[in-house]
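Engineer: Quick note on numbering: the sequence shown equals residues 40 to 212 in the working numbering.
So that we are looking at the same thing, I have put the structure below in structure tokens.
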Amino acid sequence: MSRTKTRRPRTTRPELHPVPATTPAPLPTRDREFITETAIRAYYVAQLRGLPVRQIRDWTPTASGATTSRGQYGTLTHTPSAPHPFQAGIPCATGTTHTYPIRHGADLRAAEQHAAACTSRHGAPTVLHLADGLHRADTSAADTQKLSTAEIADGLAARAAADDDQPKEHPQP
Ligand SMILES: [Zn+2]
């Protein structure tokens, strides 16, 4: 008895592994240009005039064509076409922002001192109204007169005697 074993041909199937469909992550986008011409111009003009400058990137262009930089003093805005190319916005001691035309570093330092020494209320009358109200309250308390219970009873009796209104019927429609 012959044992013949028929072998099936070995088929080599490639093993398939499902690969999840992935899309590559989107590339990062810049929201603005890294360095703009207006930022470069503002940086160099500020440097020439002795104004505090840090980096060109710290100057942010605005929609109006100006360029703004924020510092410890407040904001410094460069507008090339303005008579005074720089304008500083400096918060004062009362919380309002003062604007100053700036030609050079000494102007900015003077503006900082002026804003720090500001004692103006800038048209906020809240404190004045409160003081007036307190004054009126003191006056009305001083004008109040004390009454005894007998005087109050007499006053109520006189008011009741004067009030001789009889109950009225509702008007007919
Ligand atoms: Zn002020």
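Note that CB positions come from ideal geometry on N, CA and C, so glycine has one too.
Here the structure is a predicted model, which means the values were calculated and not measured.
(1) Helix, strand or coil for R93 per DSSP?
(2) Helix, strand or coil, according to DSSP, for R88 in the structure here?
(3) Using the rule of at least 16 other Cβ atoms within 10 Å of the residue's Cβ for burial, across every protein chain shown, is Y83 buried or exposed?
(4) For E151, which residues of its own chain have a beta-carbon under 7 Å away from its beta-carbon, when the five flanking residues on both sides are left out?
(5) Leaving out the 5 sequence neighbours to the left and right, which residues in its chain are closer than 6 Å to H153 when beta-carbon positions are compared?
(6) So what does DSSP say about P126, is it helix, strand or coil?
(7) List the whole-angstrom C-beta distance separating A127 from T138, where the pair is believed to meet the contact cut-off of C-beta under 8 Å.
(8) Can you list, in chain order, the residues of its chain with a C-beta nearer than 8 Å to that of A201? Leave out the 5 residues immediately preceding and following it.
(9) In or out: P124 buried (at least 16 other Cβ within 10 Å) or exposed?
(10) Specify the secondary structure class of G144 as computed by DSSP and reduced to three states.
(11) For T101, is the beta carbon positioned less than 7 Å from some heavy atom of ligand 1?
(12) Spatial neighbours of S108 within its chain, please: C-beta separation below 6 Å, excluding the five flanking residues on both sides.
(13) Any idea what DSSP makes of L55, helix, strand or coil?
(14) Taking 8 Å as the threshold (C-beta atoms), are P91 and G110 in contact?
(15) Please identify the residue among T118, R80, L87 and T77 whose C-alpha is closest to the C-alpha of H143.
(16) Heavy atom of ligand 1 less than 7 Å from the Cβ of A154, yes or no?
(17) Return the first residue and the last residue of the beta strand (DSSP E) that G194 is part of.
Structural biologist: The short version:
(1) In the three-state reduction of the DSSP assignment, R93 falls in the coil class.
(2) Three-state result, R88: coil.
(3) Exposed, by the Cβ-count rule.
(4) Y112 and I129.
(5) Same-chain partners within the cutoff: there are none.
(6) Residue identity check: residue 126 is Gln in the sequence provided, not Pro. Reduced to three states, the DSSP call for Q126 is strand.
(7) Correct: roughly 7 Å between the Cβ atoms.
(8) Taken in chain order, the list of residues that qualify is empty.
(9) Only buried fits P124, as 16 or more other CB atoms lie within 10 angstroms of its CB.
(10) Secondary structure of G144 (DSSP, three-state): helix.
(11) For T101, the shortest C-beta to heavy atom distance toward ligand 1 is 7 Å or greater.
(12) Answer for S108: D97, W98 and L115, listed in chain order.
(13) L55 falls in the coil class under three-state DSSP.
(14) In contact: G110 and P91 (Cβ atoms closer than 8 Å).
(15) H143 has its Cα closest to that of L87, out of T118, R80, L87 and T77.
(16) Yes, the Cβ of A154 comes within 7 Å of a heavy atom of ligand 1.
(17) Note, G194: premise wrong, no beta strand (DSSP E); alpha helix (DSSP H) at T188 to A201.
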